[in-house]
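K.L.:
Below: one structure in C-alpha cells.
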Amino acid sequence: MNIIYIVGLYPPPETANGIRNYYFVGELRRRGHNVTVIQITPRAGNGARVGDHGELVVSYPTIGSRSLGRILTFLRNIYMLKPVVSNYAERIKPSLVISAYPPVDAVYLGHRLSRTLGIPFVVDVHDLTEFHVEKRLLKKLSRSIYYRGLNNAYAGADLLITTTEAQKIVLEKIINTNNIKVIPNGVDVETYQGVYRSISMNRASRDLVEVVFLGDLSWRYQVVDKIILGFEEAKRILGGKKTVKLKVIGEGPLKKSLIRLTKSRGLEHYIRFTGYLDRESLIEELILSDIAIAGRPKPGDLWIITSIRLTIYEYIAAGLPILAFGPSPSYTEYFIKHNDLGVYLDTDDPREIGKGIANMVQDLSKYDRERIRSLARNFDWKELSKIFADYVEKLK
328 MNIIYIVGLY PPPETANGIR NYYFVGELRR RGHNVTVIQI TPRAGNGARV
378 GDHGELVVSY PTIGSRSLGR ILTFLRNIYM LKPVVSNYAE RIKPSLVISA
428 YPPVDAVYLG HRLSRTLGIP FVVDVHDLTE FHVEKRLLKK LSRSIYYRGL
478 NNAYAGADLL ITTTEAQKIV LEKIINTNNI KVIPNGVDVE TYQGVYRSIS
528 MNRASRDLVE VVFLGDLSWR YQVVDKIILG FEEAKRILGG KKTVKLKVIG
578 EGPLKKSLIR LTKSRGLEHY IRFTGYLDRE SLIEELILSD IAIAGRPKPG
628 DLWIITSIRL TIYEYIAAGL PILAFGPSPS YTEYFIKHND LGVYLDTDDP
678 REIGKGIANM VQDLSKYDRE RIRSLARNFD WKELSKIFAD YVEKLK
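Basically my numbering = 1-based index in the sequence shown + 327.
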C-alpha cells in the first residue's frame, strides 16, 4: 500500500506523541508498505528527508510560538497546506490515509483527503485534548475554532484507535460508532533490558532513596512545582531517618522557574535537574532510581481523566514503584491500582504528596521491582505496532 501518515510531531527529537507515530510507521515499512509522513507542527526543521525506516518525512514547521503562533499554523495547515497535500496525493495515489491526533489539523487534512480520493481513513487518537478546560480567553476562543468540526471528522473515519478504554467509552458516546479499537502506549522493552543487564549488578543497597520525575518541562499541567513542594514536605517528615533526593529529568521553558523555586526552598543540594538526556542515559537514570512520581492537577477534565502519561510505561520498564496523584476517578488511578504499581493519591496538595512520598520511602521493601518490570512486556512498542499494522491492513 501507499500510505500518507499525517502527524504533528515525528522524531527526532523524541516526544510522547511522536514516538508512537515512529514505531507504527516502522512496522508498516517493515511489512513493505510505502509511507509518506507529513509533519505539520514540528518545533523546528523544514523540507523533506528520509526517515530511519526508509519513509519519506516532509515537515512544515510551526509559525512562531504561543497562542498566536498556533492559530497562524492552524490556518496555514487548513487553507494553504491542503492543496499542496492534495496535489502530492494525486501523484502517488495513496490507498490509505492515517492521521495522528493531536494536532486537530492532522485530522482535518486526513479527513478531507480521504473524502476527495475515496480512500479509507484512520485516526489514531492519542488523547482527548479537545476536552481540556482552558481558562485563558484567547485560548478558549481559538479552541472553539479548532475543534468545531472534529466530531464530524471522527464520524467519517473507517477506523478510530485510542490509547485507553476510557477514551474509547467517551468517543463511543459522542459519535455513536463501533469501529473503535484500543492500542495502549508503550515502551522500548529491549532497550531497557539491555541497559538493565549492564548496570543492575552495580546497584548496591544504600541508605539514599532517589525519587525521579520524567517529563516535558514545557507544560504547567505536569505540576512539577507541587512535586518539589511535596518533596520538601517528605524531607521534613522523614527527618534524619532516610536521605532522600529528587531528580527531575526533562527540558523546557519552565525549568528556570523550577530551579528558582528549588533554591528559594533551600533544596538545591537535594534536587537535581538533569536537563535533556540521550536515550540510554535516561534509561540508566530511571533504573538507578527508587521511586517514580507523576501527577496531574485536580480537579481534572475529561482529557486528564481518560488518559495516562506515557512516562508511566517508562517507569514500569525500569521496575519503579510509582506515586501518582491527581483527580479521582481517573484512568491513571485505575491503571496504578489494577496493576499494583504503587500508590495513587486523590489530591494535588503538596502536603499530601509529601506524606505519600515519605510513606513509600519507609515501605520501599514491600515493592517487587522485578514483578513491576515484567509487566512492561505487555506494553512493548514492537508488539503494539504489529497490532496497529494488522488493523490497517484489513482496510485494503
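From the three backbone atoms N, C-alpha and C, an ideal C-beta is built for every residue, glycine too.
For ASP543, name the three-state secondary structure that DSSP assigns.
P.N.:
Sequence index remark: in the sequence shown, residue 543 carries index 216 (1-based). It is coil, neither helix nor strand.
K.L.:
In whole angstroms, give me the CA-to-CA distance for ALA531 and TRP630.
P.N.:
To locate residue 531, count along the sequence shown from 1; it is residue 204. To locate residue 630, count along the sequence shown from 1; it is residue 303. At ALA531, the pLDDT of 49 sits below 50, so the modelled position is not reliable; the number obtained from the coordinates is stated separately. Distance between the alpha carbons of ALA531 and TRP630: 41 angstroms.
K.L.:
Would you mind reading off the limits of the beta strand (DSSP E) that contains GLY622?
P.N.:
One-based indexing of the sequence shown puts residue 622 at position 295. Looking at the DSSP string, the run of the beta strand (DSSP E) that includes GLY622 is 618-622.
K.L.:
What does the Cβ neighbour count give for TRP708, buried or exposed, with the cut at 16 atoms within 10 Å?
P.N.:
Counted from its first residue, the sequence shown places residue 708 at position 381. Flag for TRP708 reads buried.
K.L.:
Using only CA atoms, which one of ILE365, ASN329, ARG356 lies nearest to GLY345?
P.N.:
As a working note, residue 345 is residue 18 in the sequence shown. Nearest option by C-alpha distance: ILE365.
K.L.:
According to DSSP, which residues form a beta bridge with SER426?
P.N.:
The residue you call residue 426 lines up with position 99 of the sequence shown. The partner list for SER426 (beta bridge, DSSP) reads ILE333, VAL450.
K.L.:
My output table needs one value for ARG636: the three-state DSSP class, helix, strand or coil.
P.N.:
The residue labelled residue 636 in the question sits at position 309 within the sequence shown. Residue state, collapsed to three classes: coil.
K.L.:
Tell me whether the beta-carbon of VAL452 lies closer than 7 angstroms to the beta-carbon of LEU436.
P.N.:
Here residue 452 is taken as the residue at index 125 of the sequence shown, counted from 1. Here residue 436 is taken as the residue at index 109 of the sequence shown, counted from 1. Taking 7 angstroms as the Cβ cut-off, VAL452 and LEU436 do not qualify as a contacting pair.
K.L.:
Quick one: Cα of ASN414 to Cα of GLY353, how far?
P.N.:
Translated into positions along the sequence shown, residue 414 becomes position 87. Translated into positions along the sequence shown, residue 353 becomes position 26. Taking the straight line joining both Cα atoms gives about 25 angstroms.
K.L.:
Counting along the chain, where does the beta strand (DSSP E) carrying ARG376 start and finish?
P.N.:
Looking up residue 376 in the sequence shown gives position 49. Residues 374-377.
K.L.:
Who does THR363 pair with in a DSSP beta bridge?
P.N.:
On the sequence shown, residue 363 is found 36 positions in, with the first residue counted as 1. ILE331, LEU383, per the DSSP bridge assignment.
K.L.:
Enumerate in chain order the residues of its own chain whose CB-to-CB distance from ASN478 is below 8 angstroms, with the five nearest sequence positions on each side excluded.
P.N.:
Locating residue 478 in the sequence shown gives position 151, counting from the first residue. These residues qualify, in order along the chain: ILE501, ILE502.
K.L.:
Can you check whether the CB of VAL377 is closer than 7 angstroms to the CB of ILE330?
P.N.:
For the purposes of this step, residue 330 is taken as the residue at position 3 of the sequence shown. For the purposes of this step, residue 377 is taken as the residue at position 50 of the sequence shown. Not a contact, by the Cβ cut-off of 7 angstroms.
K.L.:
Can you look up LYS582 in the DSSP assignment and give me helix, strand or coil?
P.N.:
Indexing the sequence shown from 1 puts residue 582 at position 255. Helix, per DSSP.
K.L.:
Between which two residues does the beta strand (DSSP E) holding VAL509 run?
P.N.:
Position 182 of the sequence shown, counted from the first residue, corresponds to residue 509. It spans 507-509 - the beta strand (DSSP E) in which VAL509 sits, taken as one unbroken run.
K.L.:
Which residues in the same chain have their Cβ closer than 6 angstroms to the Cβ of PHE458, if we skip the five residues on either side of it in sequence?
P.N.:
For the purposes of this step, residue 458 is taken as residue 131 along the sequence shown, with counting starting at 1. Only ASP628, LEU629, TRP630 meet the Cβ criterion.
K.L.:
How is TYR349 classed by DSSP in three states: helix, strand or coil?
P.N.:
Here residue 349 refers to the residue found at position 22 of the sequence shown. Helix.
K.L.:
When the Cα atoms are used, what is the spatial distance from GLU382 to PRO410?
P.N.:
For the purposes of this step, residue 382 is taken as residue 55 along the sequence shown, with counting starting at 1. For the purposes of this step, residue 410 is taken as residue 83 along the sequence shown, with counting starting at 1. Taking the straight line from one Cα to the other gives about 22 angstroms.
K.L.:
Where does LEU613 sit, in a helix, a strand or coil, going by DSSP?
P.N.:
Along the sequence shown, one-based indexing puts residue 613 at 286. Helix.
K.L.:
Roughly how many angstroms lie between the CA atoms of ARG347 and ILE398, to the nearest whole one?
P.N.:
In the sequence shown, the residue the question calls residue 347 occupies position 20. In the sequence shown, the residue the question calls residue 398 occupies position 71. So the alpha carbons of these two residues sit roughly 25 angstroms apart.
K.L.:
Mind checking which residues open and close the alpha helix (DSSP H) that includes ARG563?
P.N.:
Indexing the sequence shown from 1 puts residue 563 at position 236. That run of the alpha helix (DSSP H) goes 551-565.
K.L.:
Skipping 5 residues on each side, what residues in its chain have a beta carbon closer than 7 angstroms to that of LYS625?
P.N.:
Position 298 of the sequence shown, counted from the start, is the residue given in the question as residue 625. Counting only Cβ-Cβ distances below 7 angstroms, and skipping sequence neighbours, we find GLY653, PRO654, THR674, ASP675.
K.L.:
Measure the C-alpha to C-alpha separation of LYS682 and ARG563 and round it to an integer number of angstroms.
P.N.:
On the sequence shown, position 355 is the one that residue 682 refers to. On the sequence shown, position 236 is the one that residue 563 refers to. Roughly 10 angstroms separates the two Cα atoms.
K.L.:
In chain order, what residues of the same chain lie with their CB nearer than 6 angstroms to the CB of VAL385, ignoring the 5 residues before and after it?
P.N.:
To locate residue 385, count along the sequence shown from 1; it is residue 58. Contacts found: ILE365, ALA375.
K.L.:
Identify whether GLY725 lies in helix, strand or coil by the three-state DSSP scheme.
P.N.:
Only positions 328 to 723 of the chain appear in the structure, and residue 725 is not among them; the question remains open.
K.L.:
Is it true that the segment 545-562 meets the segment 507-527, where meeting means three or more beta-carbon pairs spaced less than 8 angstroms apart?
P.N.:
In short, these stretches do not touch, since the Cβ pair count stays below three.
K.L.:
Three-state secondary structure (DSSP) at LYS572?
P.N.:
By 1-based counting over the sequence shown, the position of residue 572 is 245. LYS572: strand per DSSP, three-state reduction.
K.L.:
Can you tell me whether LEU535 is buried or exposed? The criterion is at least 16 other CB atoms within 10 Å of its CB, across all chains shown.
P.N.:
Residue 535 sits at position 208 when you count from the first residue of the sequence shown. Exposed, because fewer than 16 other Cβ atoms sit within 10 Å of the Cβ of LEU535.
K.L.:
Determine the direct distance from the alpha carbon of ILE620 to that of LYS572, and round the result to whole angstroms.
P.N.:
One-based indexing of the sequence shown puts residue 572 at position 245. One-based indexing of the sequence shown puts residue 620 at position 293. Near 13 angstroms, if we compare the C-alpha coordinates of ILE620 and LYS572.
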